[in-house]
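Per the UniProt record's numbering, residue 1 is the first one in the sequence shown, and the count goes up by one each step.
Note that beta-carbon positions come from the ideal geometry of N, C-alpha and C, so glycine has one too.
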Amino acid sequence: MIGLGNLPDEALQHVLSFLPLQEAVQTCVLAQRWRYLWRSMSTLRTTSGSQSKRITEQGFHDLNIFVNNFLLRRDCKIPLHLCDFLIYPPGSVYSTEDAAAQIREDHAAQISFWIQRALLCKAQILRVRHDNIDEYYLALDNLRLSSQHLTTLELEYMWLESGFLDRSNWTSPKTVRMKFCCIDSDGISSQSLKRADYD
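This is the structure we're talking about:
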C-alpha cells in the first residue's frame, strides 16, 4: 500500500485541489515536504460562510487577509486552472443604510482585488458566485478583466457597471456564463468567445 507521502508532488497538489483553501494551506504543517506544496496548487476554492451560518464582519476581514496572503505568495509561474470564490455576505445588522452601503462597497473592493490577483496567477477558469441572501447584488464597479489565459468566466449575482466589457481585454475567454447579473452594456465584443449564457 502506497501512503500519501510516497506520491509525487504533482499528485499531492492534485489532492490538495479538492480541499477548501484554508484546509489545503494547513497541510503545510504535516511534514517538511508539504511545507510549500500549497503554493503550486492548480485550484483555489474559498467560501465565506454559508446560508445557514453567516460569516461575521471580523470573519470576513480575517478571510480577506488570508486570501490576499495566499494570492500574494502563490507561485504565479504555475497557471491556476480553477479559481472559485463563493461569497456569502456577512450576517451583520448595521446601524444605518449608509453603514451597510459602505461595508458592501469595501467587500466589493476586496473581492475585486482577489479577482485581479487570480488573473495575475493565470487563472483559466474564474468563478465568482455571490449569494443573494440579503437581496442585493455585489457591485464590482471598477472591475477590469485582462488576461491571455482566462478561458471561462462565470458570475452570479453581480452588478457590473457600464463600460465593464469595454475596459476588459477579452483576448481568450471561450465561455462566459452570467446568472442573475445586472450589466449595463449592449453586448460582449470578443473574437475568441464561442459561448455566452445569461440567466
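On the premise that residue j lies in contact with residue i, defined as a C-beta separation below 8 Å, what is that separation, rounded to the nearest angstrom?
{"i": "residue 60", "j": "residue 20", "result": "That belief does not hold up - the Cβ atoms of residue 60 and residue 20 are roughly 16 Å apart, past 8 Å."}
{"i": "residue 13", "j": "residue 37", "result": "6 Å"}
{"i": "residue 68", "j": "residue 113", "result": "7 Å"}
With DSSP as the reference, label residue i as helix, strand or coil.
{"i": "residue 56", "result": "coil"}
{"i": "residue 87", "result": "strand"}
{"i": "residue 177", "result": "strand"}
{"i": "residue 183", "result": "strand"}
{"i": "residue 1", "result": "Its pLDDT being 38, under 50, residue 1 is placed unreliably in this model, and the coordinates cannot settle the point."}
{"i": "residue 44", "result": "strand"}
{"i": "residue 61", "result": "helix"}
{"i": "residue 153", "result": "strand"}
{"i": "residue 37", "result": "helix"}
Nearest CA to the CA of residue i: which residue from the options?
{"i": "residue 110", "options": "39, 64 and 14", "result": "64"}
{"i": "residue 75", "options": "175, 144, 118 and 199", "result": "118"}
{"i": "residue 53", "options": "34, 175 and 87", "result": "87"}
Check for me: the beta strand (DSSP E) holding residue i runs from which residue to which?
{"i": "residue 197", "result": "195–198"}
{"i": "residue 10", "result": "Where residue 10 is concerned, there is no enclosing beta strand (DSSP E), although the alpha helix (DSSP H) it sits in stretches over 9–16."}
{"i": "residue 29", "result": "Counting along the chain, residue 29 falls outside any beta strand (DSSP E), and DSSP gives it neither H nor E."}
{"i": "residue 159", "result": "158–160"}
{"i": "residue 129", "result": "125–130"}
At the 8 Å Cβ level, is residue i part of the contact set with chain C, yes or no?
{"i": "residue 47", "result": "Of the protein chains in this structure there is only one, and it is not chain C."}
Grab the span of the alpha helix (DSSP H) containing residue i for me, first residue to last.
{"i": "residue 114", "result": "97–120"}
{"i": "residue 21", "result": "21–26"}
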